[in-house]
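Residue numbers (the working numbering): 204 to 697.
Using N, Cα and C, we set each Cβ at its ideal position, and we do this for glycine too.
Written as structure tokens, this is what we have:
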């Protein structure tokens, strides 16, 4: 059986990305939108669109019963959750299947296994998966945790068992800081996840964050699509990703991808996922961090170097098909880099920027793409993730991809909104990034190099024009700009 209609339980650029693949496969799409999003691209490009009202997310994009009801009303056979929102919610996956629909993703059991960091580590202990030395037991008494931290050896990371995204996480360098850091992490974890259970791990100095894209089907097949380096982060959130990982030996690449495939084979994993590792360049050791049971924000760079449509493979697997390729058919060609453009002001404590987009500047170079869920006239609000777009460049080698990215960042703009564009250019232009000397605390260590600079006369003129133009109402014919929606490519981010 092949799926004929899919409800996309998401918004923005990821909804458009899914629509693009569905069109190529001849699959009808159903999109959803809130009262304020009627003129947003994701609301306009589905074959059918449904208004899900207004109010808090719990009444709109997180309202499981409402989304399932729309899927049934539209006669959709499957639901694709994209990423974020309900993509890793096991209750939603069960509700979808209980109503006779297909959930395009892993099983609820796999989500639960990988979503609980402590339970996951306990379950994987006998699978020959490398773990960072640490403690992930049930005894949460502060004095016991302190003893375990001293056994492991400082510095250590104290982090929430149930969380991610840097919430409920503290690095402890001195014994005198441990108890206050523990209390702070537990409080933050409880507020964010409703669970204050903590695990402790050895803190590796200047590590890199390397992840492996995997895919499994219901016929026992498991594949990897090579690795991505996601070491450039701010406050534990990825901002630049690339593949292949720079300065990674063929031996380590083989070991780390084999580890990821071994893991998903042993648990009979279904669908797309990403196995994340902490890598120490000093001794070439790597350790399992977690597994994300969904499509990642950064999946386009993998598609650029492998020429594989990961969304298409997700749909085929969900339909019960066998993966249509073998491991030796998947090759890495060239180098790809992705940056995340956020509506924020890096030169003013990264304060969020909201307002109306007056114009969208589009990149012009070959093998560069802009994935965005916005066009001119759309409002950027604080109600959703601040990511405006993903900019992806491909080159024959890393330096070509890097230079293309810097050039393309000069072309891309969201006039009327402050963005982190210049901040990203500063990172990409450092000799350290250029030489591939990257690690997870890169932006902290080189903070002085990444600070603001004085605007040129031309930039000041553009800023002034934007401020003046922004006070005037838009004419009807300024709704959109020629470019990204002519050829749909690939919103919700982690």
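Considering only residues of the segment 274-308, which uninterrupted beta strand (DSSP E) runs meet the minimum length of 3 residues and lie entirely inside it, listed in chain order? 281-283
Report yes if the C-beta distance between residue 353 and residue 339 is below 9 Å; otherwise report no. no
Any idea what DSSP makes of residue 555, helix, strand or coil? strand
Sub-9 Å separation of residue 437 and residue 571 beta-carbons: no
Please state the DSSP three-state secondary structure of residue 616. strand
For residue 205 and residue 372, the rounded distance between their alpha carbons: 43 Å
Between the alpha carbons of residue 394 and residue 366, how many angstroms are there, rounded? 11 Å
Starting from residue 417, trace the alpha helix (DSSP H) both ways and give me its first and last residue. Careful: residue 417 lies outside any alpha helix (DSSP H), inside the beta strand (DSSP E) at 411-419.
Please report the straight-line C-alpha distance between residue 547 and residue 562, rounded to a whole angstrom. 17 Å
Please give the ranges of any alpha helix (DSSP H) in the segment 335-406, keeping only runs that are unbroken, at least 4 residues long and fully inside the region. 345-355 and 381-396
Taking C-beta to C-beta, are residue 212 and residue 282 nearer than 9 Å? yes
Kindly indicate which three-state DSSP category residue 310 falls into: helix, strand or coil? coil
Do residue 533 and residue 427 have their beta-carbon atoms positioned less than 9 Å apart in this structure? yes
Proximity winner among 573, 652 and 601, relative to residue 590 (alpha-carbon distances): 573
Run of the alpha helix (DSSP H) containing residue 432, from where it starts to where it stops: From DSSP, residue 432 is part of no alpha helix (DSSP H) but of the beta strand (DSSP E) over 425-437.
Whole beta strand (DSSP E) runs in the segment 475-531 with 3 or more residues, listed along the chain? 488-495
Could you check the C-alpha separation between residue 502 and residue 387 for me, to the nearest Å? 33 Å
Does the count of Cβ pairs from the segment 250-270 and the segment 469-477 closer than 8 Å reach three? no
So the candidates are 412, 235, 345 and 423; which of them puts its Cα closest to the Cα of residue 642? 412
Assuming residue 508 and residue 530 make a contact with CB atoms under 8 Å, what is their CB distance in whole Å? At roughly 15 Å, the Cβ-Cβ gap does not stay under 8 Å, so residue 508 and residue 530 are not in contact.
Give me the Cβ distance between residue 403 and residue 481, rounded to the nearest whole Å; I'm assuming they're in contact under 8 Å. Residue 403 to residue 481, Cβ: 14 Å. No contact.
Check residue 205 in the structure and name its three-state DSSP category. coil
Roughly how many whole angstroms lie between the Cα atoms of residue 278 and residue 587? 28 Å
Buried or exposed, going by whether 16 or more other CB atoms sit within 10 Å of the CB of residue 378? exposed
Could you tell me which residues DSSP puts in a beta bridge with residue 545? 590
Contact check, residue 401 vs residue 361, beta carbons under 9 Å: yes
Endpoints, alpha helix (DSSP H) assigned at residue 215: 215-228
Taking residue 444 as part of the beta strand (DSSP E), name the residues at either end of that continuous run. 440-446
Looking at the secondary structure, which residues open and close the beta strand (DSSP E) in which residue 575 lies? 571-575
Measuring CB atoms only, is the segment 437-452 touching the segment 286-306, in the sense that at least three cross pairs come out at less than 8 Å? no
So for residue 210, helix, strand or coil by DSSP? strand
Just to check my reading of the structure: residue 525 and residue 420 have Cβ atoms closer than 8 Å, yes? What is that Cβ distance to the nearest angstrom? 6 Å
Beta-carbon proximity list for residue 359, same chain, < 7 Å, skipping 5 on both sides: 352, 375, 403, 404, 405 and 406
For the structure I just gave you, are there three or more beta carbon pairs, one from the segment 549-567 and one from the segment 221-237, closer than 8 Å? no
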